[in-house]
Amino acid sequence: MRTLAFLAVIFLILPLLVFAGGQFGLLKGRPPAEPGLREGKLKPPSRTSNSVSSQAEQWPEGEFASEYATIEPLRFTQDSALAMNRLRDVLAGWP
4 MRTLAFLAVI FLILPLLVFA GGQFGLLKGR PPAEPGLREG KLKPPSRTSN
54 SVSSQAEQWP EGEFASEYAT IEPLRFTQDS ALAMNRLRDV LAGWP
């Protein structure tokens, strides 16, 4: 009987609590404090391993994670309007 009660808590009550918390906004993240450009450049990469920037090398070495965060910018050979439309189409097709 104890096992059944434990399973009920794990598989019924806990998911309902998580769902209710999501509905009331308890699982909502916070937007970044300063989105956009800073000093005419993108924000510096953070020290987390999933942060990359095509402008990472423009920030002082050691101050930010500029060494491992560098990624090549997207390149295009077409007119910029055509390239933007193609990028929009590709992103619209992603799940």
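In the working numbering, the protein residues as written are 4 to 98. For each residue, glycine too, the CB sits at the ideal point set by N, CA and C. Given the structure is predicted, the values throughout are model-derived calculations rather than measurements.
Item, Value
"Start and end residues, alpha helix (DSSP H) containing Asp92", "Ser83 to Ala95"
"Arg78: first and last residue of the uninterrupted alpha helix (DSSP H) it sits in", "Segment: none, Arg78 is in no alpha helix (DSSP H) and carries neither H nor E."
"Contact check, Gln58 vs Leu45, beta carbons under 8 Å", "yes"
"Per-residue DSSP class, three states only, for Arg41", "strand"
"Residue closest to Thr51, alpha-carbon to alpha-carbon, out of Ala72, Glu42 and Lys31", "Ala72"
"Beta-ladder partner(s) of Ser56, from DSSP", "Thr73"
"Option nearest Gly43 by Cα separation, candidates Leu30, Trp97, Leu85 and Trp62", "Trp62"
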